[in-house]
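J.: For what it's worth, the working numbering labels the leading residue of the sequence shown as 5, then goes sequentially.
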Amino acid sequence: MSGKETSRRWLSKSFVLALHDMQIAAFGGASGVRDEALLESALARPQNRAAYGDPSVFDLAAAYAFGLARNHCFVDGNKRIAFVAAAVFLEDNGYAFQAAEADVVLKTLALAAGAADEKVYADWLRQNARDVKPRPSRKGSPTPRA
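#1: Pick from ASP58, GLU95 and VAL88: whose alpha carbon is nearest that of GLY71?
#2: Can you list the alpha helix (DSSP H) stretches of 4 or more residues lying completely in the region 6-77, in chain order?
#3: Indicate the three-state DSSP secondary structure (helix, strand or coil) for VAL136 in the structure shown.
#4: Quick test of your reading: ARG49 and ALA65, contact by CB under 8 Å. State the CB separation rounded to the nearest angstrom.
#5: Can you tell me whether LYS123 is buried or exposed, with buried defined as 16 or more other CB within 10 angstroms of its CB?
#6: Taking the alpha carbon of ALA91 as the reference point, which residue from VAL108, ALA117 and ASP39 has its own alpha carbon closest?
#7: Could I get the ranges of all uninterrupted alpha helix (DSSP H) runs contained in the region 80-115, with 4 residues as the minimum, in chain order?
#8: Is ALA119 helix, strand or coil when you go by DSSP?
#9: Count Cβ pairs between the region 70-86 and the region 25-35 that sit closer than 8 Å; are there 3 or more?
#10: Any idea if ARG134 is buried or exposed, counting beta-carbon neighbours within 10 angstroms, 16 or more meaning buried?
#11: To the nearest whole angstrom, what separates the beta carbons of ASP63 and ARG74, a pair I think is in contact under 8 Å?
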C-alpha cells in the first residue's frame with residue numbers, strides 16, 4: 005500500500021450534503037434526504053471496505069458512487085451526487101479525473117441500474133484518472149471534509 009493510500013481524505017456527511025445541494029441548485033431537482041440511514045450507509049461503505057481489505061483509491065471512489073447511486077438516499081440527484089462524490093474523493097486523494105460527459109452519464113447510469121458493478125466502475129475511474137500532487141484545501145469549499 006502506498007503512503008497516498010494510507011492517509012486517505014474521506015468525505016464527511018456534511019460535505020456530501022453541501023455537494024448535493026450545489027448539484028440541485030445548478031442542475032435542478034428536488035432537494036432533501038429521503039433516508040438518513042441509507043445516506044450514512046452509503047458514506048460508510050468505502051471506509052468499511054478499507055477496514056477489511058486493501059482496496060485502491062479507485063475501489064473506494066467506486067464504493068462511494070455505488071452506495072450513493074444504489075441506496076437512493078436523496079429525494080433527487082442520486083446518480084449526480086454518486087459521480088461527483090467519487091470524483092471529489094479522487095481529487096482529494098491525489099488524482100484528477102477527466103472523461104467525456106456522455107461517458108460519465110452512461111457509466112453512472114449503468115452502475116445505478118445494476119448493469120455495471122463496483123469493480124467495473126472502479127476500473128473505469130482508474131482508466132480516466134491521472135496521478136497529481138494533492139492540493140491544499142480549496143477556498144470556497146462547501147464545508148471541511150473532516
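All C-beta atoms in this analysis are idealised placements derived from N, C-alpha and C, irrespective of residue type, glycine included. Keep in mind that this is a model prediction, so the values were computed, not measured.
T.: Quick answer:
#1: VAL88
#2: 7-10, 17-31, 40-55 and 61-75
#3: coil
#4: The C-beta distance from ARG49 to ALA65 rounds to 11 Å, too long to fall under 8 Å, and the pair is not in contact.
#5: With fewer than 16 other Cβ atoms inside 10 Å of its own Cβ, LYS123 counts as exposed.
#6: VAL108
#7: 82-96
#8: ALA119 sits in coil when the DSSP states are folded into three classes, being neither helix nor strand.
#9: yes
#10: ARG134 sits exposed, since fewer than 16 C-beta atoms from the chains shown fall within 10 Å of its C-beta.
#11: Incorrect: roughly 16 Å between the Cβ atoms, too far for contact.
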